[in-house]
Amino acid sequence: MLILTCPNCGVAADETELSAGGEAHLTRYGAGSSDADFETYMFMRKNARGVHFERWRHSYGCGKWFHAARCTTTLEVFGTYPAQTTEPPAELIEKIKQKRPDFEGFSK
Amino acid sequence: MSDAVSVVNGAQFDGAVQVRDAGLVGMVTLRGDLDSQELAKAVKSAIGLTLPDARGVKAGTKGGVAWMSPDELLLFCDYDEADALVAKLDKALAGEHFLAVNGSDARASFTLTGAGVREVIAKGSPADLSPEAFKQGEMRRSRLGQVAVAFWLSAPDTMELVCFRSVGAFVYDWLCVAAAEDTLPEYFNAG
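Residue numbers (UniProt numbering), protein chains in the order written: chain A, 1 to 108; chain B, 1 to 191.
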């Protein structure tokens, strides 16, 4: 069972209280962008094996979106952070690097 | 005017704990910047309470206030007073970025009384209801079965619960089954 602490209300919320929002920090390409950029935004996901950054919504709780960093193979949760950012906080990256020495850092 | 009636019309069930329809409760949703002085002042003058901390719930003589999310409060008052409360907030917060709406008829309220209230709720909610984790003064928004609910302890053995009215009858039935005699695990009281 995945338990994520919502940074908006502080509740350690069970997976069943949350809604998954897919990969985090996508760059959105809309009207006027190149076909290749739009395709990447629309269809291409990292589908990482290991460290992954995701969007979650505390849908049965405070109703707010937030971000979570977790490992897709072990389900270890590295941390959660607010939604109002375009990349993970540096201290979280540092923490993940300590736990996963081969993690190369966040890239878009 | 038609008579307003609460969702299961005052029904009551006596089992391992008592489940009771709490009747019509005035509930006003207030959204806005919870850090704003004007909003705090408006709430204080409307129901006489200061703003609660995150997840907090407070009750006073004129009503109650609960923290719903970082930009939302739920104000409790008498059912008949809700429209007046909205008008009061509209007046006090004129010019601010906010929303106040009377949601009384959108919700159903239940009161559970008895030593096993934590265990009844814990049967259907993933929230940690142990006495160490869930204390009086906190309102937990979570789910019960598959529907969204919010609950808080108004006394050590009294749990107040609100849900959407559309699922009110279901929640009442659910609570009655969960509160059936001799079905509580007595997990929280065992230690």
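Yeah, the Cβ is synthetic: ideal placement off N, Cα and C, and Gly gets one too.
Fair warning: this is a prediction, and the values are worked out from it, not measured in the lab.
Unbroken alpha helix (DSSP H) run spanning residue i, endpoints
i	result
Lys91 (chain B)	82-92
Cys176 (chain B)	168-178
Lys44 (chain B)	37-47
Arg118 (chain B)	117-122
Leu92 (chain A)	90-99
Exposure label - residue i; buried when at least 16 CB within 10 Å
i	result
Tyr187 (chain B)	exposed
His58 (chain A)	buried
Gly191 (chain B)	Note that Gly191 (chain B) has pLDDT 47, beneath the 50 cutoff, so the model's placement of it is unreliable and no number is given.
Ala16 (chain B)	buried
Ala179 (chain B)	buried
Glu181 (chain B)	exposed
Gly64 (chain B)	buried
Thr80 (chain A)	buried
Pro52 (chain B)	buried
Met42 (chain A)	exposed
Partners in chain B for residue i, counting only beta-carbon separations shorter than 8 Å
i	result
residue 112 (chain A)	In the structure as shown, chain A starts at 1 and stops at 108, and residue 112 (chain A) therefore has no counterpart that could be examined.
Thr16 (chain A)	Pro126, Arg143
Gly10 (chain A)	Ala54, Arg55
Distance between residue j and residue i (C-alpha atoms, nearest Å)
i	j	result
Leu2 (chain A)	Leu144 (chain B)	18 Å
Val5 (chain B)	Gly23 (chain B)	8 Å
Lys123 (chain B)	Gly48 (chain B)	36 Å
Gly50 (chain A)	Tyr29 (chain A)	26 Å
Pro82 (chain A)	Arg55 (chain A)	10 Å
Ala108 (chain B)	Ala46 (chain B)	23 Å
Val171 (chain B)	Cys163 (chain B)	8 Å
Lys64 (chain A)	Ala36 (chain A)	32 Å
Asn105 (chain B)	Ile93 (chain A)	It is Asp, not Asn, that sits at residue 105 (chain B) in the sequence shown. About 47 Å.
Gly60 (chain B)	Cys176 (chain B)	29 Å
Ala132 (chain B)	Ser34 (chain A)	Residue 132 (chain B) is actually Glu in this sequence, not Ala. If you take the alpha carbons of Glu132 (chain B) and Ser34 (chain A), they lie about 56 Å apart.
Val8 (chain B)	Asp173 (chain B)	10 Å
Tyr79 (chain B)	Thr40 (chain A)	53 Å
His67 (chain A)	Ala169 (chain B)	35 Å
Span of the beta strand (DSSP E), counted from its first residue to its last, around residue i
i	result
Asp14 (chain A)	12-14
Phe43 (chain A)	Note, Phe43 (chain A): premise wrong, no beta strand (DSSP E); alpha helix (DSSP H) at 35-43.
Tyr81 (chain A)	77-82
Ser130 (chain B)	From DSSP, Ser130 (chain B) is part of no beta strand (DSSP E); its letter is neither H nor E.
Asn102 (chain B)	98-102
Expected contact under 8 Å - CB spacing of residue i and residue j to nearest Å
i	j	result
Glu23 (chain A)	Lys46 (chain A)	6 Å
Phe110 (chain B)	Arg165 (chain B)	Contact doesn't hold; Cβ gap of about 12 Å is too wide.
Leu34 (chain B)	Asp71 (chain B)	6 Å
Ala69 (chain A)	Phe78 (chain A)	4 Å
Partners in chain B for residue i, counting only beta-carbon separations shorter than 7 Å
i	result
Glu39 (chain A)	The premise fails here: Glu39 (chain A) is roughly 36 Å from chain B at the closest Cβ pair, so nothing lies under 7 Å.
Lys64 (chain A)	Ser69, Pro70
Gly61 (chain A)	Arg141, Ser142
Under 9 Å by beta carbon: chain A residues contacting residue i
i	result
Met139 (chain B)	Near Met139 (chain B) there are no residues of chain A at all, since even the closest Cβ is about 10 Å away, more than 9 Å.
Neighbour list for residue i in chain A, Cβ cutoff strictly below 8 Å
i	result
Ser166 (chain B)	What Ser166 (chain B) touches in chain A: nothing, since even the nearest Cβ is about 16 Å away.
Near the ligand GDP: residue i beta-carbon under 6 Å from a heavy atom
i	result
Gly26 (chain B)	By its list of ligands, the structure shown contains no ligand whatsoever, and the ligand GDP lies outside what it can speak to.
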